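Trainee: Following this message is one structure expressed as structure tokens.
2 protein chains.
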Amino acid sequence: MGLILVRYVGEIGIKGHNRHLFVKRLRRNMRDALKKNGLSGNVWSEGQRILVEVDDTAVEPAIHALQRVFGIASISPVYRVPADVAAMGAVARQIAARLALQPPMTFRIQTRRADKSFPLTSPEINRQVGSAVYEATHAPVDLSDHADVTIGIEVREGYALVFGERIPGEGGMPLGTQGRVFVLLSGGIDSPVAAWLMMRRGCGIIPIHWAQNEVEREKALKNCEQLGRWSFGWEIKPIILDHNELMAPIVEQLREIGEERWTCVLCKRAMLLRAAELAPRYSVEAIVMGDSLGQVASQTLNNMAASSAGIDLPILRPLIAYDKVEIMALARRIGTFETSIQTASTCAYVPAHPLTNADRGRMQEILQRIGYANHP
Amino acid sequence: MGLILVRYVGEIGIKGHNRHLFVKRLRRNMRDALKKNGLSGNVWSEGQRILVEVDDTAVEPAIHALQRVFGIASISPVYRVPADVAAMGAVARQIAARLALQPPMTFRIQTRRADKSFPLTSPEINRQVGSAVYEATHAPVDLSDHADVTIGIEVREGYALVFGERIPGEGGMPLGTQGRVFVLLSGGIDSPVAAWLMMRRGCGIIPIHWAQNEVEREKALKNCEQLGRWSFGWEIKPIILDHNELMAPIVEQLREIGEERWTCVLCKRAMLLRAAELAPRYSVEAIVMGDSLGQVASQTLNNMAASSAGIDLPILRPLIAYDKVEIMALARRIGTFETSIQTASTCAYVPAHPLTNADRGRMQEILQRIGYANHP
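Line order of the protein sequences matches chains A and B.
Last residue of the first sequence: 376 (my numbering), numbering continuous.
Last residue of the second sequence: 752 (my numbering), numbering continuous.
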């Protein structure tokens, strides 16, 4: 059987009495990640580490899956040996061989003693295991962070864990520990990235897509699938609502009074109002949007203020200060870019000249004229 | 005189008829950056580029200053020569020498013809200038992105610009093009980073600090100074308000009814309400906070919902989905980390067990009991 060592992020470590709940949730999400990737294995805590045991052939695919579990700082394939320096040296030599350690490559040994009763100190273990590796490889020792290979040893009661790689985890918080949120999900690039950022920070997401046509609906659903590859311990079940039903009457009324330029502001507003209405039924505590300030002419502070006025739920805009290039780079990494850039079926309601500087007082007037007077 | 070529970010390029305003603002901010760093020089547009002319000795400090101007994609020290291939070749050899180009280092020439009437095509220019550089250096040509040195040529009417380095700019949008915002600025790590992110995205910031003691006040003011090193075309003038005056009565009332655990939620709420009141006077369109979901036990969605309920201005939380390690790395780069981590004088009002799961209905009850019934 193959063993994998998982370190969780420092932020989980400082959660005081909530910590065990965070770690429990993390283990559950890790189990779900294994299962959804067709792997079976055991997951348990030892001290401040989580260990995963899988078939030897499943170590690489398991690590690959765990890299998409939020809350993990780093991952190491690891060997468990008796708490005995000769045994540690032997497995360290094996690791060195597997990593093709040879001059002019350099190496170092780093020991952490969880079991303080072990007869040798950490520097003594480093020296003895280092000698064993040096004899086998003749690679020079470099005690700095620049060493090409760092072999880590954790000495515990009765055994030691030895590893040669540290594969970065995705960071963030265990999904499901930070409540649940709606995400207004279009078929475009930004909203799936906003969704992913909130997932990484620990939120279970419920996407809401306002379907206007089949093309964008399919893109949104495909992106939900891609986001599902990162969502462990939580099933993403999108809510599909009818955009035409929402907007057709408002747009007609705006046309009648010659104020089509208000369409986009009032559309966002209508979506937010409806989402806020649905929130209690889904135990949702915030609404997430893909807004990035100034990315298009209508994403101004004034327009945001108008469309969200009176919405009685926090509106979270994790991309508010991101540049487009940063958002695109993230979308590529998440796996939603390909779908999002497919030919867009543009919105049927966008007016020729959308407002860029909505005044909230003026909006109330417009709402009154089209018969939405007592809207918040 | 030394010449510097500045490329602005693509997002400015797609602003349609607003583009000239963005570029004008960018030039103004660049001039301010030179001035505030004790440099004098000329700044003007040529096609889709901005050129800066300064004393030869001022080229390096000017580039250093321009790296802190938002909206710039990249910067190159550049030579202007007549539109003549021999002249381009001669200056390309100079640049190669300055960059110590020699085998086994590789190079390539990349030409962009803004003047399509020039008799040679771009590939022909690349070839002829490349030969000149090869003869002088014997460095091999590599046409891929992996070339060690890329010498760029922009051919314009009557002259050419030749450069060998591309120094990355900070990206973002020209400061002042995206409205102005209040930032609730404490003495801690997060809020200055939130402020900087909104500045980078084009907002002029007005920090509000609620002073409770001299230590935190000084830290906040020092961080304003550091942020000022990035704020060109906009003076940062912090507003200092009295935190004790704001909170002492509320805390006393909460104590009387045995509900101190509500202190932090109602404190944030009081600060937001006061900021929203002040907003029109300062033409401010949003309030920026340093909230990062789950970073401390009280930064929950429920607490955010309670403290911001009824605030009639967008609340922007650019750090909402950031990990602490990312925030700290940014703080270091911005220059606010050192000050922020200095011994904190902790808040005098923090209760033993702050609420982590504020219910808004319950909050209304509490507000009623302490006599703030008709608060939004």
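Here a beta-carbon is modelled for each residue, glycine too, at the ideal position from N, C-alpha and C.
Nothing here was measured: the structure is a model prediction, and the numbers come from that model.
Considering only their Cβ atoms, is the gap separating A/Ile4 from A/Pro82 smaller than 7 angstroms?
Mentor: no
Trainee: Using the DSSP secondary-structure output, state which residues sit across from A/Asp115 in a beta bridge.
Mentor: According to DSSP, which records beta bridges pairwise, A/Asp115 is partnered with nothing at all.
Trainee: Out of curiosity, what's the CA-to-CA distance linking A/Val288 and A/Glu225?
Mentor: Here the C-alpha atom of A/Val288 lies approximately 18 angstroms from the C-alpha atom of A/Glu225.
Trainee: Comparing the C-beta of A/Met173 with each C-beta of chain B, is any distance below 7 angstroms?
Mentor: yes
Trainee: Which bits of chain A does B/Ile626 rub up against, with CB to CB less than 9 angstroms?
Mentor: Per Cβ cutoff of 9 angstroms: no residues; B/Ile626 is ~22 angstroms from chain A at best.
Trainee: List, in chain order, every chain B residue whose beta-carbon is nearer than 9 angstroms to that of A/Leu384.
Mentor: In the structure displayed, chain A extends from 1 to 376; residue 384 of chain A sits before or after that span and is not available.
Trainee: Classify A/Ser186: buried if its beta carbon has 16 or more other beta carbons within 10 angstroms, exposed otherwise.
Mentor: Taking a 10 Å sphere around the C-beta of A/Ser186, we find 16 or more other C-beta atoms and assign the residue as buried.
Trainee: Could you give the uninterrupted runs of the beta strand (DSSP E) lying entirely in the stretch 603-659 of chain B, keeping only those of 3 residues or more?
Mentor: 615-618
Trainee: Using only the alpha-carbon positions, how far apart do B/Ile582 and B/Thr712 sit?
Mentor: 17 angstroms
Trainee: For B/Glu661, return the contacting residues in chain A, with the cut-off set at a CB-CB distance below 9 angstroms.
Mentor: Thr300, Leu301, Asn302, Met304 and Ala305, listed in chain order.
Trainee: Please classify B/His396: does DSSP put it in a helix, a strand, or coil?
Mentor: helix
Trainee: Compute the Euclidean distance between the alpha carbons of B/Met680 and A/Gly258, then round it to the nearest angstrom.
Mentor: 39 angstroms
Trainee: With 7 angstroms set as the bound, which would you pick, yes or no: does the beta-carbon of A/Gly202 sit closer than that to a beta-carbon of chain B?
Mentor: Interface residue, yes.
Trainee: Compute the distance between the beta-carbons of B/Ser753 and B/Glu592, then report whether it is under 7 angstroms.
Mentor: Residue 753 of chain B lies beyond the stretch modelled for chain B, which goes from 377 to 752, so this question has no answer here.
Trainee: Is B/Ser562 helix, strand or coil when you go by DSSP?
Mentor: coil
Trainee: Interface residues of chain A around B/Asn394 at Cβ under 9 angstroms?
Mentor: The contacting residues are Ala297 and Thr356.
Trainee: For the stretch 563-579 of chain B and the stretch 683-701 of chain B, state whether three or more C-beta atom pairs, one from each stretch, are separated by less than 8 angstroms.
Mentor: Cβ pair count under 8 angstroms is three or more, so yes.
Trainee: Between which two residues does the beta strand (DSSP E) carrying B/Arg542 extend?
Mentor: Premise fails: B/Arg542 is in no beta strand (DSSP E) and is neither H nor E.
Trainee: Using a C-beta cutoff of 7 angstroms, does B/Ala697 count as contacting chain A?
Mentor: Taking Cβ atoms only, chain A reaches closer than 7 angstroms to B/Ala697, which makes this a yes.
Trainee: For B/Ile527, which of helix, strand or coil comes out of DSSP?
Mentor: strand
Trainee: Does A/Leu184 come within less than 7 angstroms of chain B when only Cβ atoms are used?
Mentor: no
Trainee: Contact between the stretch 141-158 of chain A and the stretch 247-266 of chain A is defined here as three or more beta-carbon pairs at a separation below 8 angstroms; is this criterion met?
Mentor: no
Trainee: Quick one, which of A/Arg28, A/His353, A/Ile370 and A/Thr343 has its alpha-carbon nearest A/Pro174's?
Mentor: A/Arg28
Trainee: In this structure, what does DSSP give as the bridge partners for A/Ala286?
Mentor: A/Ala286 is not bridged to any residue.
Trainee: My guess is that B/Leu648 and B/Ile687 are in contact by the Cβ rule of under 8 angstroms, so how many angstroms apart are they, rounded?
Mentor: Indeed they touch by this definition, with Cβ atoms about 5 angstroms apart.
Trainee: Does A/Glu170 come within less than 7 angstroms of chain B when only Cβ atoms are used?
Mentor: no
Trainee: Report yes or no: is there a C-beta of chain A within less than 7 angstroms of the C-beta of B/Ser607?
Mentor: no
Trainee: Ignore the nearest five residues each way along the sequence and tell me which others in B/Ile612's own chain have a CB closer than 8 angstroms to its CB.
Mentor: Ile581, Ile582, Pro583, Cys600, Leu603 and Gly604
Trainee: Let me know the secondary structure DSSP gives A/Glu157 once reduced to three states.
Mentor: coil
Trainee: Counting only Cβ pairs nearer than 7 angstroms, list the residues of chain B close to A/Ala309.
Mentor: Asp688
Trainee: With 16 as the cutoff for other CB atoms within 10 Å, does A/Arg269 come out buried or exposed?
Mentor: buried
Trainee: With B/Val332 and B/Val428 assumed to form a contact (beta carbons below 8 angstroms), what rounded beta-carbon distance in angstroms separates them?
Mentor: Missing from the structure shown is residue 332 of chain B; chain B here goes from 377 to 752 and no further.
Trainee: If I'm right that A/Gly176 touches A/Arg25 with Cβ under 8 angstroms, what's the distance once you round it to whole angstroms?
Mentor: 6 angstroms
Trainee: For a contact defined as C-beta to C-beta under 8 angstroms, what are the partners of A/Met363 on chain B?
Mentor: Going along chain B, no residue has its Cβ under 8 angstroms from A/Met363, so there is no contact; the nearest lies around 12 angstroms.
Trainee: Report the partner residues of B/Gln486 according to the DSSP bridge assignment.
Mentor: Beta bridge pairing from DSSP links B/Gln486 with B/Gly528.
Trainee: CA-CA distance, A/Asn357 and B/Leu560?
Mentor: 24 angstroms
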